[in-house]
Every structure is written in structure tokens, then in C-alpha cells.
Amino acid sequence: MAHHPGLQLRSFSALFRVVHEDSGTVLDEASVLSSELGVRVDQLHEDSASTFIANYAEHQIWFMDRRRQLVHQLPVELVQHDEADGIESVQHAPAGFIHHAPCGGATGRLQGNEMIHGRLVQRWICTLPDQSVDTQWYSTTHSLVLRARTVDGVVSELTDIRERTPKPESFRPPSHFRRVGIEELLNPIVPISSYVEQKIPSK
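This is the structure we're talking about:
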């Protein structure tokens, strides 16, 4: 069954949360900024200070550690479109939890309408390629999946959605962040090479 397209929010900010429904445990939390310029995801979980940026105009993807002020740029050959081998362009690689249509191309059944956080949404049952079943709540007003729940009770949700007009610099890393390889970005231990050795004056 086809969904009815709404007025897609071209530029918005939101809070994204992943919660285990039965225990109430927050598994992940992030602030999201999405626009025609790009997408930015800042992790807010206490154990993480990572940021993902996809800049559509510059065809660039960066991963950052805000706490250590490090940035890793994905090699451009991995984000450029190449029809010969089917590599997707950066425009087709936004944050994986931002969906502008229910069920993301999987088989879906519309179950009816419900109210979530004061918004009227459609409730969809989605049969995924691996035959697992998810439930999704889709806003026709914003053309966004606002909530999804897996069969094992993990709920992901976009809340506090607000229309924004972000500046281009929101989709670039700070100039003072140190550029590093992926190994150093993922390693929480600061490498010795980052220290400047000082000579000890001879007596």
C-alpha cells in the first residue's frame, strides 16, 4: 500500500533516542540537523562525544571526536558516485534513522492512525528482507518516520522536531580539530606522537 506524501521538512533539527522499551534503558541519544546542505549527528550519550557529518555540496563525510578534538575525513573515492561498481554518493548516505517514507522500501501494511506526542501519524507494519517485523509510526505532515519498534522491544524515536535554517559551517568540522586516521580516532588512548618533546637543559 502506498503512503500519501506530505510536506517534507527540508531543514529540521530533532532529538533522536533509542530505548529498550521494557527496561526503559536509553541505548543511544543524539541531536540531529538535516537539510539540503547535509546532515549532522552529534552523539549525546555520556559515553560518547562523536559526531557524523555528511556535506552534500562538498561531497565529503567526516567523523569527529568532540572531546579529543579529532576529525577523520572519509576518503573521497568512497563517497563519490561510481555507476560502474554501484558505490552510492554522499547524497544517498544520510543518517540511517532518517526515513522519509514508511518501511524503507520493505513490504508494508497500513494499520490505521494514532496520536504520538500530539501528532497524528500512520501506524505501519513492515516486513523486512530478513523476514523480521517492525512497527513504524509515520507522519504524513512532515514525511518522516517518527517512531520505530523492533520485535524485541527496541524503540527509536525522533522528537522535538523543529524547522531550521542551518548555516553551511554547521556541516563542516571545526578548523582547529586535528586530522587523524581512523585508527587514532577509534582509539581512546592519546598516542605518544601527539606530544611535543621538550629538551631537558643540561647541568
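Counting with my numbering, you get residues 918 to 1120 for the letters of the sequence shown.
A virtual CB, placed ideally from N, CA and C, is assigned to each residue, including glycine.
May I ask which residues mark the beginning and end of the alpha helix (DSSP H) holding residue i?
i     : result
L877  : Only positions 918 to 1120 of the chain appear in the structure, and residue 877 is not among them; the question remains open.
I1099 : 1099–1103
What does DSSP give as the partner residue(s) for residue i in the beta ladder?
i     : result
A971  : V956, I978
E1080 : F929
E1074 : R934, R1064
C1043 : G1025, D1051
L1037 : M1032
R985  : DSSP output for R985 lists no bridge partner at all.
S1056 : L1061
Could you give the residue range of the beta strand (DSSP E) that holds residue i?
i     : result
G1029 : 1024–1033
F929  : 929–937
L991  : Element bounds for L991: n/a, residue is neither H nor E.
Look at the alpha carbon of residue i and the alpha carbon of residue j, and state the distance between them as a whole number of angstroms.
i     : j     : result
V956  : S940  : 31 Å
H1083 : S952  : Position check: residue 1083 holds Pro in this sequence, whereas His was assumed. About 8 Å.
T1052 : D1069 : 11 Å
L954  : R1064 : 24 Å
D982  : G1098 : 12 Å
S948  : P1046 : 29 Å
R927  : V1062 : 14 Å
E1031 : F1014 : 21 Å
G1025 : V943  : 27 Å
Taking the CB atoms as reference points, tell me whether residue i and residue j lie closer together than 8 Å.
i     : j     : result
G1029 : R1036 : no
Q960  : T968  : yes
V988  : R1096 : yes
F1094 : Q986  : yes
T1076 : L932  : yes
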